[in-house]
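In the numbering used here, the protein residues as written are 3 to 116. Here is the structure we will look at.
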């Protein structure tokens, strides 16, 4: 799903204009980014949490030349899905279509993954 598709969905569900929906989506994203910049953890109950992880400095390698390079320390955003989200996704996959679009049929042992 793209940001434009998300804006479209918010607009459709809330009966707001696309412009108002875009402002809402942008505000949510900006709020998450600003909180992460301040080092805060964002927790959305039932969905998951965003936090920063610190990567230590390390020695890397330039893939083109093979030369060793120093990679500086940095902070990277990390998303951890909540239990409810995991449960919903796994519940949905039991009924979801496979890559061809056909519903997945259970195997002889009842598992659609076999």
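Heads up, the beta-carbon is just placed ideally off N, CA and C, and yes, glycines get one too. Computed from a predicted structure; not experimentally measured.
| query | result |
| --- | --- |
| Inter-stretch contact at 8 Å, needing at least 3 Cβ pairs: the stretch 41-56 / the stretch 9-29 | no |
| Range covered by the alpha helix (DSSP H) that runs through residue 36 | 20-39 |
| Per-residue DSSP class, three states only, for residue 17 | coil |
| Stretch pair the stretch 4-14 + the stretch 26-41: three plus CB contacts closer than 8 Å | yes |
| Residue 47 - containing beta strand (DSSP E), residue span | Here residue 47 belongs to no beta strand (DSSP E), and DSSP marks it neither H nor E. |
| Residues bridged to residue 62 [DSSP beta-bridge criterion] | 71 |
| C-alpha distance - residue 87 paired with residue 78, whole-angstrom precision | 22 Å |
| Beta-ladder partner(s) of residue 180, from DSSP | Because residue 180 is not part of the residues shown, which for the chain are 3 to 116, the question remains open. |
| Alpha-carbon spacing of residue 37 relative to residue 44, whole angstroms | 7 Å |
| Spatial neighbours of residue 63 in its chain, beta-carbon cut-off 8 Å, leaving aside the 5 residues before and after | 69, 70 and 71 |
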